[in-house]
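Okay, so here's the structure we're looking at.
Residue numbers (my numbering): 6 to 160.
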């Protein structure tokens with residue numbers, strides 16, 4: 006029984022790490038592999054976790070930001086996130102869903118599903134093309150991270 010709990014807790018940990026902003030699957034996949042998971046297993050868990058926040062960000066970010074702007078304590082944070090994201094969203098604005106896919110696919114700091122979702126929401130992209138582009142880019146990033154983790158940990 007404790008083996009099942011440990012196994013599930015490791016899996017849940019990888020999913021939760023992947024769902025976190027900044028870290029996302031770039032940190033979750035190597036973390037899962039370092040726990041002894043097969044790279045493909047860690048990749049699938051990372052994809053699940055990093056995809057979880059996307060629909061919520063695409064659907065609810067703008068209304069939440071609108072309400073947060075009304076509170077002076079949060080206004081500067083919302084403005085900072087908006088400014089930072091829009092600065093990085095030049096190619097997303099120019100190439101739409103293709104730009105979003107490429108932006109999310111590059112597994113570097115400050116790219117990924119959180120920034121891509123925020124940019125898509127702020128640019129008023131339609132849900133379905135934005136979600137598909139983010140998911141496609143996330144799959145590419147996951148594949149890159151799985152290959153790098155496989156090479157680093159030698160499975």
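Yeah, the Cβ is synthetic: ideal placement off N, Cα and C, and Gly gets one too.
| said: Within a Cβ cutoff of 6 Å, which residues of the same chain sit near residue 53, ignoring the five residues on either side of it in sequence? | reply: Result list for residue 53: 20, in chain order.
| field | residue 17 and residue 32 closer than 7 Å at C-beta | value | no
| By DSSP, does residue 131 sit in helix, in strand, or in coil? | coil
| field | Among 134, 127, 40, nearest to residue 68 - alpha-carbon criterion | value | 127
| message | Taking 8 Å as the limit between beta carbons, can you name the residues of its chain near residue 80, skipping five residues before and five after? | response | 73, 74
| said: Tell me which residue opens and which closes the alpha helix (DSSP H) that residue 115 is part of. | reply: Note, residue 115: premise wrong, no alpha helix (DSSP H); not H, not E.
| request: Classify residue 75 as helix, strand or coil using the three-state DSSP reduction. | output: coil
| request: Please report how far the alpha carbon of residue 144 lies from the alpha carbon of residue 107, in whole angstroms. | output: 11 Å
| field | residue 124 and residue 97 closer than 7 Å at C-beta | value | yes
| CB-CB under 8 Å to residue 140, same chain, minus the five flanking residues each way: which ones, in chain order? | Once the five neighbours on either side are set aside, the close Cβ partners of residue 140 are 56, 59.
| query | With a CB to CB cut of under 6 Å and the five nearest residues on each side skipped, what residues in its chain are close to residue 149? | reply | Here the set comprises 112.
| Helix or strand or just coil, what does DSSP make of residue 27? | In this structure, DSSP gives residue 27 a state outside helix and strand, which the three-state scheme calls coil.
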